[in-house]
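Here's the structure we're looking at; comments come further down.
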Amino acid sequence: MAAAPPEPTAAPLHVAIVMDGNGRWAKRRGLPRTLGHRAGVEALKRTVAAAPALGIKWLTVFGFSTENWSRPAAEVAELMALPKRYFDSDLTRLEREGVRVRCWGRREGLSPELVKMLDEAEARTAHNDTFFLQIAFNYGGQADIVDAARAFAAEVAAGRARPEDLDEAMFARHLSSRDAPPTDLIIRPSGEQRLSNFLLWEAAYAEFVFQDVLWPDFSVDHLKAALEEFSRRDRRYGGTPADGVLAAG
Ligand code: IPE
Ligand code: MG
């Protein structure tokens, strides 16, 4: 008897994007990198607007990494100004449309005004639950894991937990992603094929789609193409594939 065709993989619930290629986009146009970053904010707006209708419920984007501090001061200043640019134009609409915004990453090192803005975006949308937008800002996957380890160590030191209580599930409850479902799909535009310290823990069984488009040019069609590719993946979580042939992935 012929094997049944594999079920298409369901639309991903939780999509993450490394928003990369702003600098190259600007350079190709003979523009300063700052304008590339601003154009990147427009791509984010398009993506957030299109995601819910495509079956995405959680969207996590990499806005500023713990390694981006090594960029020239003027560029860092522009990147630090992007949350204001985004929230000034969009927070009211996000709030109204039921989007819950969360800002992952370390608050240390950010200006008090920026911290206030990130906290306010979270507070103003805390009651929403139709769509979940995580902005990873001053975020690093390794830093997030270190912070989780510190938090657990503090519980042990306070006598509230024992080292042997720690397992994967408990550890995950200390990460920024504690309230999020598993990351299903990680999209990286710009032609680079690496994780760059994004979602290290969460990437365990995520599917990766790399696309040859610079982030400011990322369109709804690119998002649809990534979802289409995702739908053809056979996700096995270390188990047996549909045709019964054992494989490691
Ligand atoms: C992404 O674009 C923005 C951030 C990393 C904050 P880049 O600035 O990395 O753009 P490229 O990689 O230089 O083109
Ligand atoms: Mg880059």
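For the sequence shown, our numbering begins at 49 and goes up steadily by one.
All C-beta atoms in this analysis are idealised placements derived from N, C-alpha and C, irrespective of residue type, glycine included.
Values in this document were obtained by computation on a predicted structure and should not be read as measured data.
Nearest-angstrom Cβ-Cβ length linking residue i and residue j, presumed shorter than 8 Å
{"i": "LEU102", "j": "ALA59", "result": "7 Å"}
{"i": "GLU143", "j": "ARG172", "result": "5 Å"}
{"i": "LEU14", "j": "PHE200", "result": "The structure shown does not extend to residue 14, since the chain is modelled only from 49 through 297, so no value can be given for it."}
{"i": "LEU130", "j": "ASN116", "result": "At roughly 11 Å, the Cβ-Cβ gap does not stay under 8 Å, so LEU130 and ASN116 are not in contact."}
Three-way DSSP call (helix, strand, coil) for residue i in this model
{"i": "ALA171", "result": "helix"}
{"i": "GLY176", "result": "Looking at the sequence itself, residue 176 is Asn, so the reference to Gly does not match. Of the three classes helix, strand and coil, the one that applies to ASN176 here is coil, per DSSP."}
{"i": "ALA217", "result": "helix"}
{"i": "ALA59", "result": "coil"}
{"i": "SER113", "result": "strand"}
{"i": "TRP249", "result": "coil"}
{"i": "TYR134", "result": "helix"}
{"i": "ILE104", "result": "coil"}
{"i": "GLN182", "result": "strand"}
Neighbour-count burial assignment, residue i, 16 or more Cβ in a 10 Å radius
{"i": "PRO289", "result": "exposed"}
{"i": "GLY189", "result": "buried"}
{"i": "THR178", "result": "exposed"}
{"i": "LEU79", "result": "exposed"}
{"i": "ALA202", "result": "exposed"}
{"i": "GLY84", "result": "buried"}
Residue i to residue j span [Cα, whole Å]
{"i": "ARG210", "j": "PHE185", "result": "32 Å"}
{"i": "GLY157", "j": "ILE104", "result": "32 Å"}
{"i": "SER159", "j": "HIS175", "result": "26 Å"}
{"i": "VAL89", "j": "SER113", "result": "16 Å"}
{"i": "LYS93", "j": "SER238", "result": "18 Å"}
{"i": "ARG155", "j": "VAL163", "result": "6 Å"}
{"i": "PHE219", "j": "VAL204", "result": "13 Å"}
{"i": "ALA122", "j": "VAL194", "result": "29 Å"}
{"i": "ASP192", "j": "TRP249", "result": "9 Å"}
{"i": "LEU262", "j": "PHE110", "result": "14 Å"}
{"i": "ILE183", "j": "ARG208", "result": "31 Å"}
Residues near residue i by beta carbon distance below 7 Å, same chain, minus five either side
{"i": "ALA251", "result": "THR231, ILE234, LEU243"}
{"i": "LYS132", "result": "MET165"}
Cβ shell of residue i (< 6 Å), same chain only, five flanking positions each side left out
{"i": "GLU277", "result": "VAL257"}
{"i": "ALA273", "result": "none"}
{"i": "ALA87", "result": "PRO264"}
{"i": "MET49", "result": "Legend: pLDDT at MET49 = 48, less than 50; position of this residue unreliable, value from coordinates given subsequently. Around MET49: no qualifying Cβ."}
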